[in-house]
Structures are given as structure tokens and as C-alpha cells.
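*Asks:* Those protein sequence lines, which keep their order, are chains A and H. If you want this note's numbering, it's the position in the first sequence, counting the first as 1, plus 5. If you want this note's numbering, it's the position in the second sequence, counting the first as 1, plus 5. Built from N, CA and C at the ideal position, the CB exists for glycine as well. Note that the structure is predicted; figures quoted are calculated from it, not measured. Below you'll find the structure I mean.
2 protein chains.
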Amino acid sequence: MAGETQSSHQVVIIGGGFGGLYAAKELGRAPVQVTLIDKRNFHLFQPLLYQVATGTLSPADISSPLRGILSQNKNTQVRLDEVVDVDPEQKKLTLRGGELAYDTLIVATGVSHHYFGNDHWKPTAPGLKTVEDALEMRRRIFMAFEAAEKEPDPVARQAWLTFVIVGGGPTGVELAGAIAELAFKTLKQDFRNIDTAEAKILLLEGLDRILPPYPPELSAKAAESLSKLGVTTRTKTLVTNIENNIVTAKQGDAIEQIFARTILWAAGVKASAMGKVLEQRAGATLDRVGRVTVNPDLSIPNHSDIFVIGDLALYTHQGDKPLPGIAPVAIQQGQYVAKLVQERLNGQPIASFYYSDSGNLAVIGQNQAVANIGRWKLSGALAWFIWIFAHIYYLIEFDNKLIVLLQWGWNYFTRNRGARLITGEGSLVQVDVDTSGNYSVPANKSPVEV
Amino acid sequence: MAGETQSSHQVVIIGGGFGGLYAAKELGRAPVQVTLIDKRNFHLFQPLLYQVATGTLSPADISSPLRGILSQNKNTQVRLDEVVDVDPEQKKLTLRGGELAYDTLIVATGVSHHYFGNDHWKPTAPGLKTVEDALEMRRRIFMAFEAAEKEPDPVARQAWLTFVIVGGGPTGVELAGAIAELAFKTLKQDFRNIDTAEAKILLLEGLDRILPPYPPELSAKAAESLSKLGVTTRTKTLVTNIENNIVTAKQGDAIEQIFARTILWAAGVKASAMGKVLEQRAGATLDRVGRVTVNPDLSIPNHSDIFVIGDLALYTHQGDKPLPGIAPVAIQQGQYVAKLVQERLNGQPIASFYYSDSGNLAVIGQNQAVANIGRWKLSGALAWFIWIFAHIYYLIEFDNKLIVLLQWGWNYFTRNRGARLITGEGSLVQVDVDTSGNYSVPANKSPVEV
């Protein structure tokens, strides 16, 4: 392998998300050696993760093995490992499993949740970034209905049937809509002791409207669709505490305490650890949440051979605010850096990165979505179909994801959710705990997808 | 619920496998109250579990939520719980989460693995009964290739590429064939430092041929197909020890030690704990592996209101040996007992249970299977297609399992395996361990399906 790396320009990409993967794909035919490093052996199609969390899709439906995607790129190695340090002078990475030299480094390690300094909320209010997160959410959501089914006390039962989603961004809206469809449609016939329609689904947002990145009229449309689905939306509402399954929310001067067994976190992100590493080793500048300030060409100051792309990058050279942390930005940045690397080898200059905005989409429920595409502001079924096909278009770039379209088609006509399984050690332990009435999160247990 | 149970004849079914589920389906329109108790909230289509273990299907593809399957049966309750004791005099069950009275009890709790008194082999050589088992196998199989890719020492690398399957029954044959297809076809292009074709796949069977329940000529055909696929089959070979990733196998007087990082257990089963409970409480007779001897009508001696069906039942009243522990037997027994219960309520007698043998099928690889159907002994592609459609036929009785046919169709033409994901806490920890060279099984970690 050493021989290989010396044989030509070595491009090392850290992270197999949208940014890193599209950079690697673009470099597949280039006269360089590419190494893609990821902790996981698969690429995750994160925009659909909420459908795993709510039992519509299986993790494998939205995941593709990185080796499979890149197997035809003979200049490309996939390395299952984790980067712990960077030495910009020696142009060397320290991995958990060894060292690796680079000529060009592309950092695309993304972001994780952010509890605004309240990390102790995490066990009670899990976030949604990884497959494991999604499985844990799914286990909690479906176990909550099971626990309610056998809970004799009406107050305790209502707590099992109360779902609080913190954060009114796309993920929060999608989770709230999907849980509402579960409670009010999918599961309606399944229980004997409870009426799942008694479920309360609350979506809490700190700003004055949900989907803040969208035009106000679309936020209003989304709120309207959610309330039709049975979701209660509270804006200008700040969560001040989460403890013993009680969410304390502050709306103006009014303080409310919500007793809810299922609390899902969809608010705020913080940059992955590589940001700090670049700050310490390469003098990179980080913003409040740890994102790395990049030059117009996505390199970092004083290190033209180190690029940061995707959610981890803070790109402020376009429009009035930084580019959002969404897949299309990461994809375009990955492709841009891949081209830049090749042009450099040819001694060609390349223009600054420019993001061509293909619009924003958020789904609320069946036939319900909002879309902001250029001058168009769409909502309802049309936006929903655009959402479906936009996602299928990207999924199809990978291996067998046509299956997702078929799964959706089937679900659409049957309202069925085939993946609503409760699994993992936690699943049964949970049952005992439920019936005892003393709920506690088996945080030490990793969920098991099914 | 108490009112409900007294309102009419209360049938309690323990276990939502093939036996219990088909009994419940059959009783859906009967003038009785039915309660189906299971530890899990889903029915698992176990015959396809090996396809989850080898990355072809997702757990949800072969699992169906029990509530969903039975939601239209208004006389039926699904209870997510576990039975810990039976009181035949009081006709009462003790559950982890309470008590439950019955008029008729149907026990269908199946079997688990049996290490012939060597339970300490289990962490090194996991078996395949639950979804979690399958995910753990999948994690180990795919992680083994990853570990080999980064292992510099050739001997250690070969150990990562050596897969030993203990037990030449249908499950062992199916696992061996599927792993061979992974190593020699699916993954061939995916790695850079290793040639996956250097993998050794050994299938060890104690008797003189694999698939002992089948006619000798089919066993020979199966062995032939396996060797074409690259599987080495050793018959008359007893495993005497499994330790430090070394399998000690005895063939006649020859003793062999096989250094293998992946050892899968497909030999022997033992009855679930309910067998012992029935022995202690109801004086039931158990065989060597704990199966419950039943009367010709599947009840147990002196307790005409307690029935045992499926893998847990030892039914010796037909043919020269007891009925095998396979899905068709369990299904027919479940349906039989459901009819018997109804006839009894009408005061009608009913003939003894008779198993109508629809034949045996085992798949070896793509286009390769063996089938023993009545007088017909088939092998190759025809048997394979019969296998496909026999399984689809049963799957389609549940919710959305047409998706499996589509997934198979796609895989058939692309040789793709979309579900070859490595997940769970174990996945990354594993990486470190791998690179350190000291392999140890994180047995305390539950795998995470994806």
C-alpha cells in the first residue's frame, strides 16, 4: 500500500457522507490515488433517516456499502477506520489503526446533535443522526404504544401516548408528521385497550415559525398541514429542562410542564471533532457550533491542501447567510473540490465555489409536503410528489434503492408500515420496566435494528 | 380485560411463531377469546433468517408485526410479555407483567440452540435463531473481510478469511452457500489488499452426509453443488473444542485444528424453557433435548386443555421417527388445534393430528437447491425456483413481503447485496480490536441491525 500511495498524488477523504462520497466518485477516473476513510462501512442517506425512526423503511434501504459504490474505481481505497489527528506540516494523518500520508486532504466529517450545553438531556431525548439513533427512536416510539396498551392508570397511559418533538426544522416536522400518521392511521386497528387516536403529538419550536429556513407562507402551510394531521405546534417555545420524562417549556412568560414518555430531539447540531483538530493543528477558525470557516475555494486559510466540505464547512461567501447543512450543498462542494484537485494538477486555475440552489423540500405526511424551488412555493400533493422523485433520483445513484420506491408505493396504498419492529436487548427489558411503571432509558444498551 | 376473558372460552397461545400464529389466525372468527403472548412484537419468518445473516435481506423483510397480522381479528389480543409459570389446576399463567387465566392453553415456544453441554462455545460460535443472532452473524462475517483487508500477517489474514460452519443441516448448508457466494462473487471487486477468493469456507457435519433428513442422493447433489461453489464439506467430523478462534475437529482418528475468526453454529437445538415448566407443573414427559411428548391430538397426558405444537412438540405417532421441527409441521399443528378447540365447543370429536408432508427444500446458492417432494427428488435450478415460490407463497400471507420477491429479483440480476452493513457499538470497537490483532468477541454488546 505504501508503494501505491507514493506512486502518485494521494487524495485522502475523511467521511463517506454526501460530501466525501461525491468527491470520491468524481475522482474515480482522475490520475490520483484516493483513500476514503469512514468509521462505518456504508453511506447513509440521512434525509430519509426519519422514515427508519418511524418504521417505514429499514436501515439497509437507505444505506449503501461504500466499497460497493466505489468498487469500480480502481484508484480508490475504502478504509474502515477513524482519524484522530492531523499533522499539516508532515501532511500525515494519525488513524486509530495506523498512519496515512496525504497530498490533498478533504475533510467531510459532518455534524452531530447539540443540546446547547444540556448533554444530560440526551438519554431522555435522543437525536437522529445515525442508524443506531433511528433504531432507538423506533424502539421507543413503538414500545410507547405497547406500554400504554398495558398501563391501567389513565394519567400514566396518556404520558405513554404523548410524543414531544423538540425543534421545528425539517427533521422535527417530518418526525411529527410521521408519528401522527402512525397514531391516527397506521396503528388505529392494532390495539384493544387503548385508542391510539388519543395520542398527543407536540412539536416545539423556539422561533416564531416552523421551518425557519423557508419562506413564511410555506411555514404557515406546513403548520396548517400538521394540525390537520393532529400535530400540535408550539412556536416561540423554548425548552428549559428535560427531566424524569417531563419537558419544561417556556412560551413568553408562560411555563408549561409536559409529562411525555417519548421525547425526540431535532434541534441544533454541533460540528464533529475534526473541526477542533483543524483549529488546533492548522489554525482553522470555528464558529459557535464548531463549523470550520473556509476560503472561497473551500480550503482553509494558510493550508491550500486541506479542504473542508459539507455540514462541517462554514461557507459565507455567497448570499446573506452561510450555506445550510443540507445534502445538495455537500454534494456540490464534494464535486467542486474533486474538480479543483484535478485542475491544480494540470496547473489550471478554478473559480470559487458557487452553490446553485435547487430548492428546499420538507415532507409532512402522505400527500403533504412543502417545496421552495426558485420562485415557486409549492405545498400539498404536488410538493409531495416532487419530494418523492427528488429523493428517488439521488437514491438511484446508489445500488438497489429502487426498492425504496416500491416500498413507498406499497405503503402508500396499504398505509402499512412493515418495519415497525421492537428489537434489541432493550426491547424486552423495556417491557418489564414498563409494566413496573418505573420507566428508565436503558441508555447503556445499543438498539438493534430490524 | 378481566371482563373480556370471562365473557367466553379463553384460548391463550404462547408464542407467535408459525405454530402459534396459524392457530391464532384459524381462531380469528371462532366464538372464543384469543390472547397471543410473545416476547417480541413481530412474527419472524425463520427459514429466511440466514439471508439476513448474510446481507441479502433486512430483518423487517422477514418480520411482520403480530398486531398488524391479527388486527382484523376482533376476538384476539396480542400481549407483549413472557410466561414464567403455569398452574394447570387453577388454569392460570404467571407472566412477567401479571397473571392470565385460560380455558385452553396452546404452547408454541419453539427451541433455541444447543451446544451439547459446551455453552462456553457460544460467544465464539453464535447460533441463528433470533434477529439479533442474524445481525451478530452479519456483523462478524462482513467485519472479518474488513479485518483481513488491513491485516499484514498472511497467517492472521487467512484466519480472518476462514469461515467454519458447524452442522450440515439446512441452515448450515444455506449459510455455507451464501458465504461462498459473498466471498467468490459479491465482494470480489470490493477490496484492494486481499483477494476475497482466498476465503476458506468449511462445513462440518458429524454424520456421514450433509442434509441427513434428505434422501442420500439429494445429500450427494447438495455436497456437489457446495463444492462447485467453493465450500469444503467434511462429514463424519465431530467438533471437540472451540477456543481462541480455533476449532478442533475429529474425523475418525484424525484430529484437525482450524484457525478461524468466524465460526457459526448450526448444529443441534434444545427446547425452550416452557418444556421444563410443563414437566414440573403438569408432569409432561420430555425427550433428550427437552421436547414435550404429546398425545395424538397434540395435548399432553392428563391435561386435555394444554396443547404443545411446533418445534417444542415431540410427535411420534406418525412415520418411523418424530416429526421434524420445520415450519410446515408447526403450521399444520396450529391449524389442527384451532379446529379441535372449536369442535370441542360444539361437542364434536376430531381425528388425531396427521401431518401431510409437502416435502423438504434446502437452498445452496443461486440456481442451486435440493427438493424432496413426495416421490420427486429435484436439484439445481428447478428446485431453486420451487424454493423461491414456496417461500414467497408463505411470506405473502403476511403484510408487505412482496418486497422480498422484488429484492431477490434485483439481487438475482445484480448479484448485489444491499444489506451488508456493519452496525452497532460492536462495529467500531471491533475495528480497533481487529487492527490490534487481538480478536475478542464483544459478547456483551448487542448487535444493531441495519
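List, in order along the chain, the chain A residues whose C-beta lies closer than 9 Å to that of Ala-278 of chain H?
*Replies:* As a first step, residue 278 of chain H must be located in the second sequence, where it is residue number 273. Under the 9 Å cutoff, chain A gives no residues; its nearest Cβ is about 14 Å from Ala-278 of chain H.
*Asks:* Give the straight-line distance between the Cα atoms of Arg-144 of chain A and Arg-425 of chain A, rounded to the nearest whole angstrom.
*Replies:* Sequence index remark: in the first sequence, residue 144 of chain A carries index 139 (1-based). Sequence index remark: in the first sequence, residue 425 of chain A carries index 420 (1-based). Whole-angstrom Cα-Cα distance: 8 Å.
*Asks:* Suppose you measure from the CA of Val-89 of chain A to the CA of Glu-141 of chain A; what does that come to, to the nearest Å?
*Replies:* Reading the first sequence from its first residue, position 84 is the one you call residue 89 of chain A. Reading the first sequence from its first residue, position 136 is the one you call residue 141 of chain A. Their backbone Cα atoms lie some 27 Å apart in a straight line.
*Asks:* Does the contact criterion of 3 or more C-beta pairs under 8 Å hold for the segment 278–298 of chain H versus the segment 311–328 of chain H?
*Replies:* Flag = yes, the segment 278–298 of chain H and the segment 311–328 of chain H touch.
*Asks:* 8 Å is my cut-off, CB to CB: does Leu-4 of chain A come that close to chain H?
*Replies:* This structure leaves residue 4 of chain A out entirely; chain A is present only between 6 and 455.
*Asks:* So which residues on chain H does Glu-151 of chain A lean against when the C-beta distance must stay under 8 Å?
*Replies:* Sequence index remark: in the first sequence, residue 151 of chain A carries index 146 (1-based). Chain H residues near Glu-151 of chain A: Asn-46 and Leu-85.
*Asks:* Can you tell me where the beta strand (DSSP E) holding Val-112 of chain A begins and where it ends?
*Replies:* In the first sequence, the residue the question calls residue 112 of chain A occupies position 107. Looking at the DSSP string, the run of the beta strand (DSSP E) that includes Val-112 of chain A is 109–112.
*Asks:* Going along chain A, which residues have a C-beta under 8 Å from Phe-196 of chain H?
*Replies:* By one-based count along the second sequence, residue 196 of chain H stands at place 191. Going along chain A in sequence order, the residues near Phe-196 of chain H (Cβ under 8 Å) are Arg-72.
*Asks:* Residues in its own chain within less than 8 Å of Thr-245 of chain H by CB, not counting five upstream and five downstream?
*Replies:* Counted from its first residue, the second sequence places residue 245 of chain H at position 240. The answer, listed in chain order, is Thr-253, Ala-254, Lys-255 and Ile-260.
*Asks:* Mind checking Trp-381 of chain A: buried by the 16 CB within 10 Å criterion, or exposed?
*Replies:* Counted from its first residue, the first sequence places residue 381 of chain A at position 376. Its Cβ having fewer than 16 others within 10 Å, Trp-381 of chain A is exposed.
*Asks:* What residues in the segment 245–256 of chain H have a beta carbon less than 7 Å from any beta carbon of chain A?
*Replies:* Listed in sequence order: no entries.
*Asks:* Quick one: grab the DSSP three-state call for Arg-84 of chain H.
*Replies:* Stepping through the second sequence from its first residue, residue 84 of chain H is reached at position 79. DSSP places Arg-84 of chain H in strand when its eight states are reduced to three.
*Asks:* Count the C-beta pairs between the segment 188–199 of chain H and the segment 219–229 of chain H that are closer than 8 Å, then say yes if the count reaches three, no if not.
*Replies:* Result no; under three Cβ-Cβ pairs closer than 8 Å.
*Asks:* When you compare the CB of Leu-433 of chain A with every CB in chain H, is at least one pair closer than 8 Å?
*Replies:* Along the first sequence, one-based indexing puts residue 433 of chain A at 428. With a pLDDT of 43 at Leu-433 of chain A, under the threshold of 50, the predicted position of this residue should be treated as unreliable, and no value is reported.
*Asks:* Which complete beta strand (DSSP E) runs does the segment 232–268 of chain H hold, if anything under 3 residues is left out?
*Replies:* You should have 236–239, 242–248, 251–256 and 259–264.
*Asks:* Taking the alpha-carbon positions, what's the Ala-335 of chain H to Ala-181 of chain A distance?
*Replies:* As a working note, residue 335 of chain H is residue 330 in the second sequence. As a working note, residue 181 of chain A is residue 176 in the first sequence. Looking at the two C-alpha atoms, the distance is approximately 41 Å.
*Asks:* Could you please give the first and the last residue of the uninterrupted beta strand (DSSP E) stretch that includes Glu-141 of chain A?
*Replies:* Working through the first sequence from its first residue, we reach residue 141 of chain A at position 136. That residue, Glu-141 of chain A, is in no beta strand (DSSP E); its alpha helix (DSSP H) goes 136–154.
*Asks:* Which residues in chain A have a C-beta closer than 7 Å to the C-beta of Lys-155 of chain H? List them in chain order.
*Replies:* Numbered from 1 along the second sequence, position 150 holds the residue referred to as residue 155 of chain H. Neighbours of Lys-155 of chain H on chain A, chain order: Gly-102.
*Asks:* Quick check: what's the CA-CA separation for Val-17 of chain H versus Leu-26 of chain H?
*Replies:* Taking the first residue of the second sequence as position 1, residue 17 of chain H is located at position 12. Taking the first residue of the second sequence as position 1, residue 26 of chain H is located at position 21. About 12 Å.
*Asks:* Use the C-beta contact count for His-118 of chain A: other C-beta atoms within 10 angstroms, 16 or more gives buried, fewer gives exposed.
*Replies:* Residue numbering aside, residue 118 of chain A sits at position 113 when the first sequence is read from its first letter. By the 10 Å Cβ count, His-118 of chain A comes out buried.
*Asks:* I'd like to know if the segment 116–133 of chain H and the segment 74–82 of chain H are in contact, where contact means that at least 3 CB-CB pairs between them fall below 8 Å.
*Replies:* Verdict: no, contact absent.
*Asks:* If you measure from the beta carbon of Pro-52 of chain H to each beta carbon in chain A, is any gap under 8 Å?
*Replies:* On the second sequence, position 47 is the one that residue 52 of chain H refers to. Output row for Pro-52 of chain H: interface = no.
*Asks:* In the structure shown, what three-state DSSP assignment does Glu-104 of chain H receive?
*Replies:* Here the question's residue 104 of chain H lines up with position 99 in the second sequence. It is a strand residue.
*Asks:* Considering Cα atoms alone, identify which of A:Ile-369, A:Thr-238 and A:Phe-390 is closest to Phe-168 of chain A.
*Replies:* The count along the first sequence starts at 1 and reaches residue 168 of chain A at position 163. Comparing Cα-Cα distances from Phe-168 of chain A to each of A:Ile-369, A:Thr-238 and A:Phe-390, the minimum goes to A:Thr-238.
*Asks:* My parser needs the alpha helix (DSSP H) runs of 4 or more residues fully inside the segment 306–351 of chain A; what are they?
*Replies:* Runs found: 332–350.
*Asks:* Taking 8 Å as the threshold, find out whether the segment 341–355 of chain H comes into contact with the segment 298–312 of chain H through three or more Cβ pairs.
*Replies:* Flag = yes, the segment 341–355 of chain H and the segment 298–312 of chain H touch.
*Asks:* Are Ala-139 of chain A and Leu-269 of chain A close, meaning C-beta to C-beta below 8 Å?
*Replies:* One-based indexing of the first sequence puts residue 139 of chain A at position 134. One-based indexing of the first sequence puts residue 269 of chain A at position 264. It is not a contact, given that the beta carbons lie outside the stated cut-off.
*Asks:* If you follow the alpha helix (DSSP H) that Trp-392 of chain H is in, where does it begin and where does it stop?
*Replies:* The residue labelled residue 392 of chain H in the question sits at position 387 within the second sequence. Here the alpha helix (DSSP H) through Trp-392 of chain H covers 386–400.
*Asks:* For a contact defined as C-beta to C-beta under 9 Å, what are the partners of Phe-147 of chain A on chain H?
*Replies:* Residue 147 of chain A sits at position 142 when you count from the first residue of the first sequence. Simply Asn-46 and Pro-70.
*Asks:* Any beta carbon from chain A within less than 8 Å of Ser-13 of chain H's own beta carbon?
*Replies:* The residue labelled residue 13 of chain H in the question sits at position 8 within the second sequence. No, Ser-13 of chain H lies away from the interface with chain A (no Cβ there is under 8 Å from its Cβ).
*Asks:* Take every Cβ of the segment 172–190 of chain H, pair it with every Cβ of the segment 52–67 of chain H, and state whether three or more of those distances are shorter than 8 Å.
*Replies:* In short, these stretches touch, since the Cβ pair count reaches three.
*Asks:* If you measure between the beta carbons of Leu-133 of chain A and Gly-173 of chain A, is that distance less than 8 Å?
*Replies:* As a working mapping, residue 133 of chain A is identified with position 128 in the first sequence. As a working mapping, residue 173 of chain A is identified with position 168 in the first sequence. Going by C-beta atoms, Leu-133 of chain A is not nearer than 8 Å to Gly-173 of chain A.
*Asks:* Is the segment 157–164 of chain H in contact with the segment 24–42 of chain H, if contact means three or more CB pairs nearer than 8 Å?
*Replies:* Contact fails: fewer than three Cβ-Cβ distances are below 8 Å.
*Asks:* Of the choices A:Ser-363, A:Arg-349, A:Ile-427 and A:Ala-276, whose alpha-carbon is the least far from that of Thr-114 of chain A?
*Replies:* The residue labelled residue 114 of chain A in the question sits at position 109 within the first sequence. Looking at the Cα atoms, A:Ala-276 is the closest of the given residues.
*Asks:* Kindly list, in the order they appear in chain A, the residues whose Cβ is closer than 7 Å to that of Gln-82 of chain H.
*Replies:* As a position in the second sequence, residue 82 of chain H is number 77, starting the count at 1. Per Cβ cutoff of 7 Å: Arg-197.
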